[in-house]
Structure formats: C-alpha cells, structure tokens
Amino acid sequence: MSSMYLPVEGYHCCNSELAVDGKTSGWVGHDFLFAHTLNNDHQQPWWAVDLQNVYDINVIHIHGRTDPNHLVNFDVEVINCPPNTRGRFIRIKRRDTETLVICEIEIYGNPINSLLQSGLSSTNTAYACGKIGYGCKGPVIETSVMQNDIQCTRKCITNTSCTAAEYDKKTNVSFCDINIASKKPTKMSSIYDPKIGEGIDYLCCKPSYAIDRVMPNSKRRVGEDFLCAHTNNINNQQQWWTVDLQKVYDINVINIYGRTDCCPEHLTNLDVEVIMPSCACNKWNNLDEGDVFLCPYQNKSSHRNTITCHPNTRGRFVRIKRKDTKELVLCEVEVYGNPVNSFIESELSITAYACGHIGYGYVGPVIGTSVAGSHIHCTIMCFTNTACSAVEYEKNTHTCTLKGECTNGTQSFLFQDNNKDVFFIQ
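Once you know that position 38 of the sequence shown is 38 in full-length UniProt numbering, the rest is easy, because the numbers rise by one and skip nothing.
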C-alpha cells in the first residue's frame, strides 16, 4: 500500500497483509488487525493485492471498521478492465487524501491462466506477454522440442515452476527465470527479538523473511514491521542463514538484498557457500560434513550484492555466514541454477544424486512398499516420489521400501544387515 500508519506502542496494527488475513472483524484483543495508511495532504492513499494469475473478477467484498466513515469516497479498480472485468491486480484507492482503512478484502472470480474454459470463450484462454527477437538469460527448468511459440508458452503455463519461455525458432524451447530459493525451508543460527532488544513488539526477523519475495521498505520508521531475517549479536559466535533447495542444483547466481533504510555495511564480511550434504538422513544436522563450495564474494558496502559462482558449483543448501561475530541481516535472497535431480535429459545423460550404505538397513518413516528389479530401480522410484527421501532395498525378495524424511523428533537409524542396501536422496 502507499504508506503505513505507525501506531502507538503496545498493539499490533496497520501493515498491508492484515487486509487478507481472513479476519473480517479487525479487532483481536487490543490489536487492530486492519490495513491503515498515513494521512498525507498531497497523496491519494491506496492498497493493492497481486492475485498472481489473471482472473475474471466477479465480486469484491470490502470489510471496514464499524465506523462507516472509513468505507466511503474511494474507488475499486481492477487493472485491464474493459471490455470484461479481467486482471491480475486489485487496487483500492481513495479519491481524496484521507486515510485508507481496510479490515478485510475478499475477491471472487474465475482463473484465466489455468487453461480452464471460461464463460467468455469456447476455447482455452491464457495470458502471456512477449518480446519478439529476444532471448532470455536465466536458469533452465526444461528443454524440449515444440512446433511453435504458442505451444511453447502453453507448456510453460502448465508448469507451476515456469515464469518465462524462450522459443528458438530453428531448434527448441527452454524455460527460464525462477528463483529456486523462494518459499523453501530455512534456518539460521539465532533470531533477534525486538521485544528484548528494543522493548517494542513488531513483526520481524524470522529466517523465512529472506525468501518471502518482499523487498525492504526504504522509508521504514522505528517500530514498523521489519520483514527481513535478522540474527542476534552473540559474542564469539559466527551468525549464519541457510536455505534447503530440496534438490541438488548447479548454482549459477545468488542475489543478496540488505536493508535500504540504512546499514549497507550489513552485506560486508560474508561467506556464501553452496553445500552438497553428507550421506545422512537429517541433512540439516550434518552440513559441515558435506562438500562446501565457496562462491566469490565482493566485500563492499551495498544494499545489494550479486554473486556469480564458479562453474560446477553443485549442491542442495546455500549458506550465508558472517566472517565476524556481528549480527546477520538479510532482507531477500534469490538463488538461480539448474536442477540435477529432475531426471531431465541433458545432451549427455540423465543425472540424479543419491548416496548409499551397502549392507545396511534403515529404520525410518515408511511411505510405501513394492517390488523392484534392482536397487537402481528402487532408487528411481524414490526420485519420482516427492515425499521420499530414502529407500531400503532387500536383495533376496527384491522388496523396495520408500521412506520419508527423518526429523529431530523421528526415530531413525542405520543397522547392519548384509541382505539390505540403503540409499539417501541428495
């Protein structure tokens, strides 16, 4: 939204996400759970939501405070309306310069980019914009042969990981431009608590905020929500942040964004590591036992740093670590690379990663059991099941048991058994 009202200390209020949190009342205890802009004499306040797809919009419900004065004198806009109310963004804007206060927005419509039939056409409809005579540099998801650019674009729309398609008119198609760190599991060495550090309670500091695709606010005020990863400053401890990409990738480029309201020195004195984990069930606990690749890092004060990794930098985890014992602050991290464990055919071969313990069995959560011709066949079955992280293959009976990921609270261990082999998916 255009601005955010800063409440007095002691209650939670006012950020834009509170208009889509599912709470229509706007009041929970002493907290005011509604979006609330500032009153600026020279600006029309607005609030907007990205639906992340094109929709035919039917109905919009706007819930305001019980004081009705907050729901008058503003427009509701759907971008690209005529001739039908169709668009990707909803914007609500005041016609004057008074504050805009919204408790909840509900939007109902039919998706267009899902390749489902809409009521406006007898054919499948989808939206894309093009650059004719241009190529696209970015991480490749898949390469295949297509008859034309329309078929190419349709294939991208049906792939949830794809945001762009590049069509080579003479040969083939490659899909590109995806941040492979987005919404993946994260951890960090410690989490700063503003209640303790400043005596103020506001949204802040979780490791997941570094991959939420929300860029920092350059005009942030003291006490406003701070949606960046932020560790503590602990004596004699190097602070770190890590993301699990959940597959093995050849890593090409990593973008790191810091605070824009201050502190460009936060992005100095860092190590950026790509880690191929060791052959273990709980990979988080064994990062330092894996193969660590260091990406070249320019040690300069900046609000953003782009790191280009060496060729053949391959791994599943990306870790950003301070070389000193100061706090680590990361507002957004983007990772770009090509998947290895995807069973997509390259020019040379189909490549995937697993590590084995020959002559061992494995106690862990069971997903399913079937018959497999070999331990290779058994492992391939695991690769094609997204919930599977390990297999146990019994040689005498050819029994293949798929097993799920073990966690700290799950009983799991290896035991010696010459009739069995165990393979962990990297």
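Where a beta carbon is used, it is the ideal one built from N, C-alpha and C, also for glycine.
Please read these numbers as outputs of a predicted model, since none were measured by experiment.
- In the structure shown, what three-state DSSP assignment does V20 receive? Three-state DSSP puts V20 in a helix.
- Task: Check L287 in the structure and name its three-state DSSP category.
- Result: helix
- Have a look at K395, D193, G404, M381 and flag the residue whose alpha-carbon is nearest the alpha-carbon of D421. K395
- Item | Runs of beta strand (DSSP E) lying entirely within the region 162–235, each at least 3 residues, in chain order | For the region 162–235, whole beta strand (DSSP E) runs of length 3 or above, ordered along the chain, are 164–167, 173–176, 186–188, 226–230.
- Query: By how many angstroms is the C-alpha of Y297 removed from the C-alpha of D324?
  - Reply: 15 Å
- Query: What do you get for Y134, buried or exposed, if any count of 16 or more other CB atoms within 10 angstroms of its CB means buried?
  - Reply: Looking at its Cβ environment, which holds fewer than 16 other Cβ atoms inside 10 Å, Y134 is exposed.
- Message: Quick check: the Cα distance between I307 and P111, rounded to an integer number of angstroms?
- Response: Cα-Cα distance, rounded: 37 Å.
- Query: Going by DSSP, which residues form a beta bridge with S370?
  - Reply: According to DSSP, S370 bridges with C400.
- Message: Tell me which residues share the same chain as H63 and place their Cβ nearer than 6 Å to its Cβ, disregarding the 5 neighbours each side in the sequence.
- Response: T24, C103, E104
- Return helix, strand or coil for D271, following the three-state DSSP convention. strand
- Message: On the DSSP letters alone, give me the boundaries of the beta strand (DSSP E) that T308 sits inside.
- Response: 304–308
- Beta-bridge partners of I256, as assigned by DSSP: Residue pairing by DSSP puts I256 in a beta bridge opposite N305, V333.
- Query: What is the DSSP secondary structure of E381, counted as helix, strand or coil?
  - Reply: At residue 381 the sequence reads Met, which differs from the Glu that was named. Helix.
- Can you give the beta carbon distance from T99 to T37, rounded, assuming they're within the 8 Å contact cut? 5 Å
- What does DSSP give as the partner residues of P339 in its beta bridges? Y249
- Message: Residues in the same chain with beta-carbon distance under 7 Å from G368, minus the five sequence neighbours each way, listed in chain order, please.
- Response: L402
- Identify the continuous beta strand (DSSP E) that holds P45 and give its terminal residues. Element bounds for P45: n/a, residue is neither H nor E.
- Message: Between K170 and chain E, is the shortest Cβ-Cβ distance under 8 Å, so that the two count as touching?
- Response: Of the chains in the structure shown, none is chain E; there is only one protein chain.
- Do you know whose CA, among P45, G87, D291, D417, lies nearest L51's CA? G87
- Message: If I follow the unbroken beta strand (DSSP E) through H357, where does it start and stop?
- Response: 354–363
- Taking E332 as the reference, which of V145, C156, T260 has the closest Cα? T260
- Task: Determine, using beta-carbon pairs with one atom in the region 310–324 and one in the region 220–240, whether at least three such pairs fall under 8 Å.
- Result: yes
- Run through DSSP, which three-state label would E327 get? coil
- Message: For a test of the three-state rule: what should DSSP assign to Q147, helix, strand or coil?
- Response: coil
- Message: Whole angstroms are fine: how far does the CA of L33 sit from the CA of D21?
- Response: 8 Å
- For the beta strand (DSSP E) that contains C94, what are its first and last residues? The question names Cys, but residue 94 in the sequence shown is Arg. Counted as a single uninterrupted DSSP element, the beta strand (DSSP E) harbouring R94 occupies residues 86–94.
- Alpha-carbon to alpha-carbon, I191 and A229: 8 Å
- For K420, three-class secondary structure by DSSP: DSSP places K420 within a strand segment (E or B) once states are collapsed to three.
- Backbone secondary structure at P111 - three-state DSSP: It is a strand residue.
- Item | Delimiting residues of the beta strand (DSSP E) encompassing G315 | Its beta strand (DSSP E) spans residues 314–322.
- Please name the residue in N53, D56, H375, L18 whose C-alpha comes closest to that of W47. L18
- Item | Residues of its chain near D417, where Cβ-Cβ distance is below 6 Å and the 5 sequence neighbours each way are ignored | G361
- Item | Whole-Å CB distance - V248 paired with G356, under 8 Å assumed | The Cβ separation is near 15 Å, so there is no contact.
- Message: Under 8 Å, with one C-beta from each stretch per pair, do the region 191–203 and the region 163–170 reach the 3-pair mark?
- Response: Touching, no, given that fewer than three Cβ pairs across the two stretches are closer than 8 Å.
- Query: In terms of alpha-carbon separation, which member of I380, N385, V335, H398 lies closest to I254?
  - Reply: V335
- For E392, which residues of its own chain have a beta-carbon under 7 Å away from its beta-carbon, when the five flanking residues on both sides are left out? Excluding the 5 residues flanking it on each side, E392 has same chain C-beta neighbours closer than 7 Å at G361, Y362, T401, K403, K420, V422, in chain order.
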